[in-house]
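Asks:
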Amino acid sequence: MDLRLVERCQRGHADAFRELVDRYQARIFNMAYRMLHNREEAEDITQEAFLNV
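Here's what the structure looks like:
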């Protein structure tokens, strides 16, 4: 992930968070779905990833 973008998210910049989600949500979801073969769990993992930022 783009470190500067993550740092901006951690400082509370909503625009940076939106950009981060736009860039990586599909990739994270697809990877989680391939590993878990469960849509709901993949969605949960994707959400957790962004909450941890």
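For the sequence shown, the residue numbers in the working numbering are 21 to 73. Glycine included, every Cβ here is placed at the ideal spot set by N, Cα and C. Because the structure is a prediction, the values reported are computed rather than measured.
1. Who are the Cβ neighbours of residue 26 in its own chain at under 6 angstroms, not counting the five residues just before and after it?
2. Using a Cβ-Cβ cut-off of 8 angstroms (strictly less than) and excluding sequence neighbours within five positions of residue 39, which residues of its own chain qualify?
3. Please report the distance separating the alpha-carbon of residue 55 from that of residue 45.
4. With a cut-off of 8 angstroms on the beta carbons, I'd call residue 74 and residue 59 a contact; round off their distance for me.
Replies: Answer, in terms of the structure:
1. 73
2. 25
3. 16 angstroms
4. Any answer about residue 74 is impossible in this case: the structure gives the chain only from 21 up to 73.
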